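**Student:** If you scroll down you'll find the structure; I have some questions about it.
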Amino acid sequence: MIGIDEVGRGAWAGPLLVVASRQTGQLPKGLRDSKLMPKGQREKILERLSNCCNFGEGWVYATEIDKLGLAEALRVGFARALSALGALVEEEIIVDGKINYAPLTFVRVSTVIDADQSVPLVSAASIYAKVARDRFMTKLAKEYPVYGFERHVGYGTSLHKRALQRFGILDGIHRLSYRPVSELSLSG
20 MIGIDEVGRG
30 AWAGPLLVVA
40 SRQTGQLPKG
50 LRDSKLMPKG
60 QREKILERLS
70 NCCNFGEGWV
80 YATEIDKLGL
90 AEALRVGFAR
100 ALSALGALVE
110 EEIIVDGKIN
120 YAPLTFVRVS
130 TVIDADQSVP
140 LVSAASIYAK
150 VARDRFMTKL
160 AKEYPVYGFE
170 RHVGYGTSLH
180 KRALQRFGIL
190 DGIHRLSYRP
200 VSELSLSG
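Using this note's numbering, the letters of the sequence shown map in sequence onto residues 20 to 207.
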């Protein structure tokens with residue numbers, strides 16, 4: 020069985036990351052939706068997950084999201100994650116959410132609302148995705164310290180909006196197709 024979750028869907032900056040996970044050993048206790056766990060707990064449990072799961076990453080960058088639109092970007096991310104994991108078309112796949120973005124060749128796909136909370140393998144994908152994307156955004160913060168990416172990880176916060184107003188939009192990092200980023204680019 021494979022569990023899939025994504026992170027970064029609503030962010031104004033940075034990539035979308037879809038993660039597919041496959042269990043290879045005993046999953047640790049305490050798996051749940053990554054958004055409900057403190058950062059330290061996510062980091063700690065990810066170390067344990069690396070011993071009992073394989074993961075496939077499907078990164079989709081801001082320029083691709085702008086070009087493709089969110090729905091198609093999710094399809095691309097799903098395809099990349101499943102390919103990176105080496106998923107077989109006959110494997111059972113559980114996706115967090117209402118919509119299946121997996122390639123049509125995968126025939127045993129189920130969507131489950133809140134699967135990141137109720138299906139441990141999807142929780143594992145959620146945790147991996149959140150930690151990996153947060154680490155990416157923290158590295159980006161070192162390149163562009165005035166934007167505060169280490170704090171808001173690209174999401175629409177008042178801090179991020181003030182940084183955009185003061186320092187402008189970063190090409191290739193900010194999603195120009197997302198409002199208010201697009202509104203700021205029009206007014207600036």
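Backbone N, C-alpha and C fix where the C-beta goes; we use that ideal spot for every residue, glycine too.
On a predicted model such as this, the values are computed, not experimentally measured, just so you know.
#1: Among residues of its own chain, excluding the 5 on either side of A134, which ones have a beta-carbon nearer than 6 Å to its beta-carbon?
#2: Once you ignore the five residues that flank S40 on each side, which residues in its own chain have a CB closer than 6 Å to its CB?
#3: List the residues that DSSP assigns as beta-bridge partners of C72.
#4: For the alpha helix (DSSP H) that contains G96, what are its first and last residues?
#5: Quick one, which of E169, Y120, P47, G59 has its alpha-carbon nearest N70's?
#6: Check whether the Cβ atoms of H179 and G167 lie closer than 8 Å to each other.
#7: Determine, using beta carbons only, whether L123 and Y163 come nearer to each other than 8 Å.
#8: Please report the straight-line C-alpha distance between K158 and E169, rounded to a whole angstrom.
#9: Excluding five sequence neighbours on each side, which residues of the same chain lie with their C-beta closer than 7 Å to the C-beta of V138?
#10: Among residues of its own chain, excluding the 5 on either side of S53, which ones have a beta-carbon nearer than 6 Å to its beta-carbon?
#11: Taking 8 Å as the limit between beta carbons, can you name the residues of its chain near V126, skipping five residues before and five after?
**Tutor:** Considering the structure as presented:
#1: Translated into the one-based positions of the sequence shown, residue 134 becomes position 115. I113, D115, V141.
#2: In the sequence shown, the residue the question calls residue 40 occupies position 21. Around S40: G22, C72, F74, L140, A143, A144.
#3: By one-based count along the sequence shown, residue 72 stands at place 53. DSSP, once it has assigned bridges, lists Q42 as partnering C72.
#4: Here residue 96 refers to the residue found at position 77 when the sequence shown is read from its first residue. Here the alpha helix (DSSP H) through G96 covers 89-104.
#5: The residue labelled residue 70 in the question sits at position 51 within the sequence shown. Considering only alpha carbons, the answer is P47.
#6: The residue you call residue 179 lines up with position 160 of the sequence shown. The residue you call residue 167 lines up with position 148 of the sequence shown. Yes; because the gap between Cβ atoms is below 8 Å, this pair is in contact.
#7: Counting from 1 along the sequence shown, the entry for residue 123 is found at position 104. Counting from 1 along the sequence shown, the entry for residue 163 is found at position 144. At the C-beta level, L123 and Y163 stay beyond 8 Å of one another.
#8: Within the sequence shown, residue 158 is the residue found at index 139, counting from 1. Within the sequence shown, residue 169 is the residue found at index 150, counting from 1. If you take the alpha carbons of K158 and E169, they lie about 8 Å apart.
#9: Counting from one through the sequence shown, the residue named residue 138 turns up at place 119. Residues of the same chain with a CB within less than 7 Å of the CB of V138, apart from the 5 flanking positions on each side, are G22, I113, V131 in chain order.
#10: Locating residue 53 in the sequence shown gives position 34, counting from the first residue. For S53, where only same-chain residues beyond five positions count, the Cβ hits under 6 Å are R61, S145, I146, K149.
#11: Taking the sequence shown and counting its residues from 1, one reaches residue 126 at position 107. So the qualifying residues of the chain are V108, E109.
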